[in-house]
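Under the numbering used here, residues 3 to 145 are what the sequence shown spells out, in order. No residue lacks a Cβ here, since even glycine has one placed at the ideal position from N, Cα and C. Given the structure is predicted, the values throughout are model-derived calculations rather than measurements.
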Amino acid sequence: PAYFANAAPVVLGGGPPLDGGRTWRDGKPLLGSNKTLGGFISGVLVGTLVGAAQGRTLAGFLMGLGSMLGDAMGSFIKRRLDLKPGDQAPGLDQLGFLLVALMLVYPMERPDSDVLLTAVLITPLVHVATNAVAVLLGLKRWL
């Protein structure tokens with residue numbers, strides 16, 4: 003569910019900025035205009051639907067919510083570091099969504115350490131590959 007939730011905003015997102023255009027005390031946007039309310043909601047819904055299809059509705063919801071929170075946290079950190087939307091932050095871009103999703107679902111589902119290690123190792127590769135496809139399809143402007 004976390005991977006589908008993370009991809010959903012690229013296709014289904016839009017609408018007003020999630021941060022409402024607010025800025026942090028440093029004068030920089032909280033998240034930036036690329037993080038939208040529609041993207042956040044679509045990510046949570048898609049995660050929930052994928053979880054429901056697997057017979058794990060609550061886990062899907064938690065992973066969808068965690069994915070969106072992790073992605074938003076990454077954007078918050080990137081704005082503080084003066085990185086623009088789309089600028090790369092290795093590790094943060096590829097793993098933030100997954101780590102927060104796993105933290106939220108961990109109290110009810112505890113994956114084996116080999117599953118966790120595999121996810122952490124392959125997620126950056128999957129992230130780069132899916133971003134490349136999104137760029138080719140015109141859904142994103144950059145990797």
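Ignore the nearest five residues each way along the sequence and tell me which others in THR25's own chain have a CB closer than 8 Å to its CB.
-> PRO31, LEU32
Let me know the secondary structure DSSP gives PRO92 once reduced to three states.
-> coil
Which value, in whole angstroms, describes the spacing of the CA atoms of TYR108 and ASP84?
-> 32 Å
Cβ contact (3+ pairs, closer than 8 Å) linking the region 56–74 and the region 7–27 = yes
Grouping DSSP H, G and I as helix and E and B as strand, with all else coil, what is PRO19?
-> strand
Residues bridged to THR25 [DSSP beta-bridge criterion] | PRO31
Measure the CB-CB distance between LEU100 and THR125 and report whether it falls below 8 Å.
-> yes
Applying the criterion that 16 or more other CB atoms from any shown protein chain within 10 Å of the CB defines a buried residue, is THR120 buried or exposed?
-> exposed
Taking the alpha helix (DSSP H) that GLY49 falls in, what are its first and last residues?
-> 39–55
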